[in-house]
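Residue numbers (the working numbering), protein chains in the order written: chain G, 104 to 447; chain F, 104 to 447.
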């Protein structure tokens, strides 16, 4: 493997010319090229939309879910759910560093990958024996490859690894919310799915970036109680995000008007129209859910004659890992919600 | 039909609570509510992605395409391609105006709908007898309904109706490009699919909005010749937009660097990664193609560690119809490309 590409083209087996994320199959061999890094895998964190699809398909049968994950990794050389297209991330220990790797990692570093599993060459060697198939957190043994242009964050010493990993998994959300809010003056912000991981981070980031008022929308009373207790949102409201009229009404009742910025953090399909309807003219909708339909969003805004900017949530914003870890350390409400989710 | 909703909720038959665009089936009855408008349909303009899907599925058999369009409209009460989710628009004559309609239309006005066919209640009464199934332009008789919050543009007197309709169909693209470019100082702009309808409009809008340099990317020599002749782009380059590395190389060769703003106007799947790779750090990708995959865009940017803003192309921007018609009137290159496409 003498000639390597910083974006991993040399690992694509099929189809030729595709980037690793779009590839059907990757070469996951553990031998590394000069600018690559090999990790010894410790744990996978499956993307929420992916895990939900698998759990639903197999009706909660953990053994069947585990078998399917193993089959996907075996067939594709990466953990990319063929239905949702999404992956997740992983934690591992640096095992070998190519002499030309620009990532600045050293053998023995414990890191989380901040590029998706959907493009990370992966081999599983333990049959996922330590996983019951009932949680997104997957203890695993095997190897994974980082390319020259991959991104990995060293796990901090002051936080439990599973907590840091859960935070880093959604670190794009607070960073992008922060950036979007700088374009507004004390905006009103609605976060759909505000009690979840990316949702609670988005609320914390919105407050820090100078939001005038925030509302977290949740689907059930239990989550409303949790979010209220966390203190992360000025308002908390119950609504089914798939019901556009109900969602818009809930946001308007809480904020007294439509939201300047609406952030979609729930991993269920059909939330596009409600988010658009809940957003003010010249407002922005940030779609972070992998269940978002491009055409539903585009045609929905047009059909509602809604003058809103709609962003595809990009998981990469420079400084995203640092901001997310800082929010976790300084916002007790964020930490409490994350610890509670990990304990479930 | 006493109680009507400005966004058409009262016309949704299934599923309850959905907005018309997301609905499986609409009530297309010609009787109007107090804030509705009924049009006598003259012509449909199918969305390019939708027509391409139908033509490919039926291997170019026009009769089969016509039968399927009729079946879709009959079953759904609207022309929404079940595979692509997209619709198109229509031209008609105002036949009846409800007393509470806010649209300012009068009986006899010839108008184009600027909301998608995918949410417009539609009945076809002539079996599409005047259409050979081989073009996106569909002569048709029947009725269509506009809601309180729909958008329709009166067709201008100085332009042939089919030309005006073709322009209005893509009028969101130049308006959004114009808005995005105001956030940059003399940006470099790449338009993927620059010789097409939305592509040529995007190029003209980019130049008017102060682009430093523009490149139109096209897939075949014939289109390159057409675009060069039109004079709309500073540079013209050939590349397959589905090949990320080739696309990025073509953009960089033409502009001397990555694009600050990349506009995707081709209706084929798989262009997300190339557009991202062709765009500079802190640049913007505007996705106008209905063939765009949300997850491919989101995960692609993350996987490439690309700090780019990605916009879902919203077909509605205030003033969009006026800007597009003005570009058609004042840019001979735009008009020549549109007239040529209509003549094909």
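Think of the CB as a built atom: it goes at the ideal place given N, C-alpha and C, for glycine as much as any other residue. From a predicted model like this one, the values you see are computed outputs, not experimental measurements.
In this structure, how does DSSP classify residue i when only helix, strand and coil are distinguished?
i, result
"residue 422/F", "coil"
"residue 354/G", "helix"
"residue 391/G", "coil"
"residue 143/G", "strand"
"residue 221/G", "helix"
"residue 198/G", "strand"
"residue 245/F", "strand"
"residue 149/F", "strand"
"residue 161/F", "coil"
"residue 155/G", "helix"
"residue 266/G", "helix"
"residue 62/G", "Nothing about residue 62/G can be read from this structure; chain G reaches only from 104 to 447."
Taking Cβ to Cβ, would you say residue i is nearer than 8 Å to residue j?
i, j, result
"residue 217/G", "residue 271/G", "yes"
"residue 294/F", "residue 306/F", "yes"
"residue 238/F", "residue 191/F", "no"
"residue 349/F", "residue 321/F", "no"
"residue 330/G", "residue 339/G", "yes"
"residue 381/G", "residue 409/G", "no"
"residue 223/F", "residue 256/F", "no"
"residue 387/G", "residue 364/G", "yes"
"residue 244/F", "residue 220/F", "no"
"residue 168/G", "residue 161/G", "yes"
"residue 139/G", "residue 187/G", "no"
"residue 226/G", "residue 133/G", "yes"
"residue 258/G", "residue 441/G", "no"
"residue 250/F", "residue 118/F", "no"
"residue 375/F", "residue 275/G", "no"
"residue 196/G", "residue 208/G", "no"
"residue 393/F", "residue 150/F", "yes"
Which stretch, first to last residue, makes up the alpha helix (DSSP H) that contains residue i?
i, result
"residue 108/F", "Segment: none, residue 108/F is in no alpha helix (DSSP H) and carries neither H nor E."
"residue 228/G", "Note, residue 228/G: premise wrong, no alpha helix (DSSP H); not H, not E."
"residue 328/G", "324-333"
"residue 302/G", "300-311"
"residue 379/F", "375-380"
Does residue i have its Cβ less than 8 Å from a Cβ in chain F?
i, result
"residue 188/G", "yes"
"residue 396/G", "yes"
"residue 419/G", "yes"
"residue 125/G", "yes"
"residue 410/G", "yes"
"residue 113/G", "no"
"residue 342/G", "no"
"residue 281/G", "no"
"residue 222/G", "yes"
"residue 136/G", "no"
From what residue to what residue does the beta strand (DSSP E) around residue i run?
i, result
"residue 175/G", "Looking at the DSSP string, residue 175/G is not in any beta strand (DSSP E); the run it does join, the alpha helix (DSSP H), is 165-179."
"residue 363/G", "362-367"
"residue 117/G", "115-117"
"residue 341/G", "338-341"
"residue 257/G", "255-257"
"residue 371/F", "That residue, residue 371/F, is in no beta strand (DSSP E); it is neither H nor E in DSSP."
"residue 215/G", "213-216"
"residue 135/G", "From DSSP, residue 135/G is part of no beta strand (DSSP E); its letter is neither H nor E."
"residue 236/F", "Unbroken run through residue 236/F: none, as it is neither H nor E."
"residue 318/F", "316-321"
Of all the CB atoms in chain G, is at least one closer than 8 Å to the CB of residue i?
i, result
"residue 346/F", "yes"
"residue 148/F", "no"
"residue 265/F", "no"
"residue 120/F", "yes"
"residue 268/F", "no"
"residue 252/F", "yes"
"residue 386/F", "no"
"residue 106/F", "no"
"residue 153/F", "no"
"residue 58/F", "Residue 58/F lies beyond the range of chain F shown here (104 to 447); nothing can be said about it."
"residue 406/F", "yes"
"residue 94/F", "Shown here, chain F extends from 104 to 447; a query on residue 94/F therefore has no answer."
"residue 414/F", "yes"
"residue 393/F", "yes"
"residue 210/F", "no"
"residue 352/F", "no"
"residue 389/F", "no"
Minimum length 4: unbroken alpha helix (DSSP H) runs contained in the region 269-296 of chain F: 275-284
Minimum length 4: unbroken alpha helix (DSSP H) runs contained in the region 398-444 of chain G: 423-433
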